[in-house]
Amino acid sequence: MTRPSTTRPDTSVAVRMGTEPSRLVRWVILGVVGLVFSIPIVAMVVFSFRDGLGGGYTLAHWTGLFDEDAARTYRNLFTGIGNSLLLAVVTVGIVLLVLLPTMILVHLQFPRLRRTLEFICIIPITVPAIVLVVGLAPVYSVVVKVAGGSVWTLAFAYGITVLPYAYRAIQSNLDAVDVVTLSEAGRTLSANWGQTLWFVLLPNLKRGVLAASFISVAVVLGEFTIASLLNRTNLQTALLQVSQSDPYVAVIFALLALAFAFILLLSIGRIGRTRTGSSS
Amino acid sequence: MTVANTPVLVSDAAESETTRRHSPSGPAKRARGLAKYLALTPFAAYVIVFLGIPTTIAVVSGFFTDEGAFTLDNVAGLFAPNVLATFGSSFWVSAVTAVVGAVVGALVCYALLGTRADGPLRSFIDSVSSVLAQFGGVMLAFAFIAAIGSQGLITVLLRDSFGLDIFADGVWLYQVQGLLPVYIYFQVPLMVITFMPALSGLKLQWAEANATLGGTRFTYWTRIAFPVLAPSFFGSLLLLFANAFSSYATAAALISQGAQIVPLQIRAALVSETVLGRENMAGALALGMVVVMVVVMWGYSVLQNRTSRWQK
Numbered sequence: 001m002t003r004p005s006t007t008r009p010d011t012s013v014a015v016r017m018g019t020e021p022s023r024l025v026r027w028v029i030l031g032v033v034g035l036v037f038s039i040p041i042v043a044m045v046v047f048s049f050r051d052g053l054g055g056g057y058t059l060a061h062w063t064g065l066f067d068e069d070a071a072r073t074y075r076n077l078f079t080g081i082g083n084s085l086l087l088a089v090v091t092v093g094i095v096l097l098v099l100l101p102t103m104i105l106v107h108l109q110f111p112r113l114r115r116t117l118e119f120i121c122i123i124p125i126t127v128p129a130i131v132l133v134v135g136l137a138p139v140y141s142v143v144v145k146v147a148g149g150s151v152w153t154l155a156f157a158y159g160i161t162v163l164p165y166a167y168r169a170i171q172s173n174l175d176a177v178d179v180v181t182l183s184e185a186g187r188t189l190s191a192n193w194g195q196t197l198w199f200v201l202l203p204n205l206k207r208g209v210l211a212a213s214f215i216s217v218a219v220v221l222g223e224f225t226i227a228s229l230l231n232r233t234n235l236q237t238a239l240l241q242v243s244q245s246d247p248y249v250a251v252i253f254a255l256l257a258l259a260f261a262f263i264l265l266l267s268i269g270r271i272g273r274t275r276t277g278s279s280s
Numbered sequence: 001m002t003v004a005n006t007p008v009l010v011s012d013a014a015e016s017e018t019t020r021r022h023s024p025s026g027p028a029k030r031a032r033g034l035a036k037y038l039a040l041t042p043f044a045a046y047v048i049v050f051l052g053i054p055t056t057i058a059v060v061s062g063f064f065t066d067e068g069a070f071t072l073d074n075v076a077g078l079f080a081p082n083v084l085a086t087f088g089s090s091f092w093v094s095a096v097t098a099v100v101g102a103v104v105g106a107l108v109c110y111a112l113l114g115t116r117a118d119g120p121l122r123s124f125i126d127s128v129s130s131v132l133a134q135f136g137g138v139m140l141a142f143a144f145i146a147a148i149g150s151q152g153l154i155t156v157l158l159r160d161s162f163g164l165d166i167f168a169d170g171v172w173l174y175q176v177q178g179l180l181p182v183y184i185y186f187q188v189p190l191m192v193i194t195f196m197p198a199l200s201g202l203k204l205q206w207a208e209a210n211a212t213l214g215g216t217r218f219t220y221w222t223r224i225a226f227p228v229l230a231p232s233f234f235g236s237l238l239l240l241f242a243n244a245f246s247s248y249a250t251a252a253a254l255i256s257q258g259a260q261i262v263p264l265q266i267r268a269a270l271v272s273e274t275v276l277g278r279e280n281m282a283g284a285l286a287l288g289m290v291v292v293m294v295v296v297m298w299g300y301s302v303l304q305n306r307t308s309r310w311q312k
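Top to bottom, those sequences are chains A and B. Position 223 of the first sequence, counting from 1, maps to 223 under the working numbering, and the rest follow consecutively. Position 68 of the second sequence, counting from 1, maps to 68 under the working numbering, and the rest follow consecutively.
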């Protein structure tokens, strides 16, 4: 990040005037905060190699995952992972099939409803999961009667949980693209609504749609509150349960989940950057 | 493609022609207007069933007994000394972690000033921040147990190398004060995400104007940057407070029993059905939480509106 002064002529000026930190100050702050924040992660990695309380180190906890009876021992954990992946897929489905068309429609046809839609989508921040779950319990006793007790129904609640994140990701893309002109152009060139949506609008909204999907997956994989209090099994509830019998495996899977979430969110950043790069 | 589209072009143009020329308020247009509204119904229905109804039940059920009779007992129960103490702990944990998180997060944002917004450092820190801000819950509890649990990496290191026992007064990690370091761990990254746009909105011209008028670095930060950033800083602080106040999973994973903070008291009320000998206490607690959250988030949006003035 130490650019030669030819590309950033005002850096040194900014440093001299005190608006930007000097390189030393920058790296001291980032170094100290980075070091402190890496401790818990490093501790997890070290823990996953610990050989009991004796103090030695072993690879056994990692290799044990590939044992033939591992699938039986950690059956509950694998159920949880499967459930969470299923829930992630259904939640993304809700975002793409229910939220996205509504946002496009409101943007094009009901500009007056934009503020209302924004307000609705932000509500889940003010009504946190622990409050929502109090009212979800009676709702789910009805859902179970209608749709059965399968685990995927939980995605209805998760669709609400991810609403603020998904909304923000899609909306910032909608604001950056002139959707009205694009859709009028599509209509003028004789495309029907379906064609305009599929061939004109969605390609332009790809970045927002992908970001919304990825953040939804990350949120669903980390969700604990609703699953736990509605007595369902997902990745997080299974992790907590496994940690009581085999903390090493629980930590290993927590690390893997974390790495996966990091890759997902890093690619959101990348999608965003590619676009800014090409447009500027 | 072209061939397939041609008839559509003709028929579509013809249709809109006739509608426009003959009957602007005709049944065809009304039908299309109706169809537009119908297209809104899936989302509306979904939000009503899974957001509107649960929120209403959560907030209103505190006013009713199990038999459905109106009662103020549960809401009065919010003012019982032990419930007030729980709200007190929640406020305390949220306030401390929000302030520490906001200050440390703002420092990190400051350190990032002058780096390229699309450079590798910024995008790395952006991604790390979004992961860690989402990291709350079971996995975060594991990380802190591995680091500063009674056999944790740091605990053992401090004990064996420096003779320092961080748990000399008892294992506080599994009590309310144990939530402080754990919550700060997701508060700082959230601050980085929310405060960075405001900080990078500072314009170099303002510093130049300050320098031209004979100002110093000190006057730049106290007279210009701080007043401009204040609404955003305090707005982010409120968001962090709300974030900690509503957080359940981390606390639930660390503290397996008891009702030390409000979300855990809701858990106790849901699991045992009766707390303090009252039914539907969970509803009353949820109401109490929503009231706090609405006030905090209202403050956040007011400050956010003031912020956007400078971000144009």
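Using N, Cα and C, we set each Cβ at its ideal position, and we do this for glycine too. If you're wondering where the values come from, they're calculated on a predicted model, not measured in any experiment.
Residue i versus the options, residue with shortest Cα-Cα distance
| i | options | result |
| --- | --- | --- |
| A/V219 | A/A238, A/A166 and A/S228 | A/A166 |
| B/S200 | B/G152, B/S232 and B/A58 | B/S232 |
| B/A147 | B/L287, B/Y185 and B/V49 | B/Y185 |
| A/S38 | B/G214, B/A95, B/I125 and B/F91 | B/I125 |
| A/R207 | A/V180, A/L265, A/R23 and A/G82 | A/L265 |
| A/L163 | A/L100, A/G186 and A/A147 | A/L100 |
| B/L180 | B/L204, B/A95, B/A225 and B/A282 | B/A95 |
| A/S91 | A/P203, A/S172, A/F156 and A/D175 | Here residue 91 of chain A is Thr; the residue named in the question, Ser, does not match the sequence. When each option's Cα is compared against that of A/T91, the closest is A/F156. |
| A/R26 | B/L112, B/R116 and B/L153 | B/L112 |
| A/L210 | A/G93, A/L87, A/T116 and A/R187 | A/G93 |
| B/Q260 | B/L153, B/N82 and B/G214 | B/N82 |
| B/I145 | A/A250, A/V13 and A/G31 | A/A250 |
| B/W172 | B/T155, B/M293 and B/L202 | B/T155 |
| A/I283 | B/L140, B/S308 and B/V292 | Chain A is shown only over 1 to 280; residue 283 of chain A falls outside these bounds and no answer can be derived. |
| B/V182 | B/L121, B/T97, B/Q257 and B/A225 | B/T97 |
Neighbour list for residue i in chain B, Cβ cutoff strictly below 7 Å
| i | result |
| --- | --- |
| A/S293 | Nothing in the structure corresponds to residue 293 of chain A, since chain A is present only between 1 and 280. |
| A/A211 | Within chain B, no residue comes near A/A211; the closest Cβ sits about 10 Å away, beyond 7 Å. |
| A/A218 | Q134 |
Classification of residue i by the beta-carbon crowding that lies within 10 angstroms, buried from 16 upward
| i | result |
| --- | --- |
| B/Y46 | buried |
| A/I263 | exposed |
| A/L35 | exposed |
| B/N243 | buried |
| B/I48 | exposed |
| B/S90 | buried |
| A/Y57 | exposed |
| A/R112 | exposed |
| B/T216 | exposed |
| B/S246 | buried |
| A/A147 | exposed |
| B/P227 | exposed |
| A/N173 | buried |
Contacts of residue i in chain B (Cβ-Cβ under 9 Å)
| i | result |
| --- | --- |
| A/G222 | Q134, F135, G136, G137, V138, M139 and A249 |
| A/R26 | Y110, A111, L112, L113, G114 and T115 |
| A/G159 | Y46 and F50 |
CB contact flag (residue i, residue j, <9 Å)
| i | j | result |
| --- | --- | --- |
| B/G178 | B/I255 | yes |
| A/I271 | A/A129 | no |
| B/M297 | B/L238 | yes |
| A/A257 | A/L221 | yes |
| A/M103 | A/Q195 | no |
| A/A238 | B/F142 | no |
| A/L105 | B/A39 | yes |
| A/V151 | A/L86 | yes |
| B/A249 | A/S228 | yes |
| A/L154 | A/R232 | yes |
| B/L153 | A/A43 | yes |
| A/L65 | A/I252 | yes |
| B/A286 | B/I266 | yes |
Listed by chain order, chain A residues near residue i by CB distance under 7 Å
| i | result |
| --- | --- |
| B/S130 | L265 |
| B/P42 | V98 |
| B/G152 | A43 |
Cross-chain neighbours of residue i in chain A, by beta carbon under 8 Å
| i | result |
| --- | --- |
| B/S127 | F262, L265, L266, I268 and G269 |
Under 8 Å by beta carbon: chain B residues contacting residue i
| i | result |
| --- | --- |
| A/E20 | L113 and G114 |
CB contact check: residue i to chain C, cutoff 9 Å
| i | result |
| --- | --- |
| A/G135 | This model lacks chain C altogether; the protein chains it does include are A and B. |
Practice item. State whether the region 213-232 of chain B contacts the region 124-140 of chain B, with contact taken as three or more CB pairs (one from each stretch) at a distance under 8 Å. Key: no
Check your understanding: Are three or more beta carbon pairs between the region 207-214 of chain B and the region 13-27 of chain A nearer than 8 Å?
Key -> yes
Check your understanding: Between the region 115-132 of chain A and the region 55-62 of chain B, do at least 3 Cβ pairs fall closer than 8 Å?
Key -> yes
Point to revise | Contact the region 228-245 of chain A vs the region 88-103 of chain B: 3+ CB pairs below 8 Å | key: no
Exercise for review: Decide if the region 175-184 of chain A is in contact with the region 68-84 of chain A; the criterion is three or more beta carbon pairs, one per stretch, under 8 Å apart.
Suggested key: no
Review point. Within the chosen definition, does the region 65-75 of chain B reach the region 279-291 of chain B through at least 3 CB pairs nearer than 8 Å?
Key: yes
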